[in-house]
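The structure appears below as structure tokens.
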Amino acid sequence: MASSWKRALIIGASSGIGAELARQLAQSGCEVAAVARRSEELEKLAASVSGSGKIRSYVHDVCNTEEIPELIQQIAFDMGGFELFIYSAGVMPRIEADEYCFEKDRQNIEVNLLGAIAWINEAAQRFERAGSGTIVGISSVAGDRGRKGMPVYGASKAALNAFLESIRNRVGRAGVAVVTVKPGPVDTPMTKGMDKLPMVISPAAAAAQILSAAHRGVHTAYIPGKWRPIMWVIRSIPSFIFKKLNV
């Protein structure tokens, strides 16, 4: 299914969902520009791919937003453009129940939101001029309600959801698809050591479902799909009840 794209750019591709997206795209024949901070992990990713596709590695920290315009220009030149853009970079620092740590809060906002805005702005402009393309932003079910356990992580994802909707409304008229992906728990380094995670799925399963949603050009995809009715119920819980729940 992924072979309908010839060239893709993935931000946050060194591990977890991003790495699996890059692997599946490349193995289906797509040329992939994989962007991440850790060069050694990018090298392992490129070496793990078999098939007709190819992975190009680019080392970059999404917090260094000033690098993005030049880097995306270089990637587009190296590959002759790209038709699919995926922002998969994300962090979720552990927060204790009574902890208020602005440095962790800042990291959430800089990586999950500001990095996404900076990269997606660049991709959106290119696709809008071309009159085609697909943008995928990896958000989370955590952005659907304000949970006491991770206030700023959830806030960063809620803001990302609103930003992606705004970009969809802006560039959709030009023929550009913008897909908001809201996974539940996925078995990645981000969730390692966390207990009692409901309906955990593998990165491979998550990536396959994300690519399927991107092909269909849906506005919002819950991963897996059973999260859609669950989150509808959760969003419907009145605030005075929700604040008493242990979520």
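For the sequence shown, my numbering begins at 1 and goes up steadily by one. Positions of the beta carbon are idealized from the N, C-alpha and C atoms, including for glycine.
- The segment 199-217 and the segment 119-132 do not touch, with fewer than 3 CB-CB distances between them shorter than 8 angstroms.
- Secondary structure of Ile-95 (DSSP, three-state): coil.
- Around the CB of Pro-229, fewer than 16 other CB atoms lie within 10 Å, so the residue is classed as exposed.
- Taken through DSSP and simplified to helix, strand or coil, Ser-139 comes out as coil.
- When DSSP states are grouped into helix, strand and coil, Val-171 belongs to the helix group.
- In the DSSP assignment, Glu-43 falls within the alpha helix (DSSP H) that extends over 39-47.
- Setting aside the 5 residues that flank it on each side, Ala-207 is surrounded in the same chain by Ile-17, Glu-20, Leu-21, Gln-24, each with a C-beta closer than 7 angstroms to its C-beta; the list follows chain order.
- When Lys-244, Arg-170, Val-186, Leu-114 are compared, the shortest CA-CA separation from Glu-128 is found for Arg-170.
- Burial is judged here by how many other beta carbons sit within 10 angstroms of a residue's own beta carbon; Arg-7 has at least 16 and is buried.
- Put simply, the backbone Cα of Ala-205 is about 20 angstroms away from that of Leu-9.
- Comparing alpha-carbon positions, the option among Ala-76, Glu-165, Val-141 lying closest to Pro-183 turns out to be Val-141.
- Cα atoms of Thr-134 and Met-79: separation of roughly 17 angstroms, rounded to the nearest angstrom.
- For Phe-127, the enclosing alpha helix (DSSP H) has its first and last residue at 115-130.
- Of the candidates Thr-188, Ser-132, Lys-196, the residue whose Cα lies closest to the Cα of Gly-172 is Ser-132.
- Taking the Cα positions, Trp-227 is about 19 angstroms away from Met-190.
- The DSSP-derived three-state label of Tyr-100 is coil.
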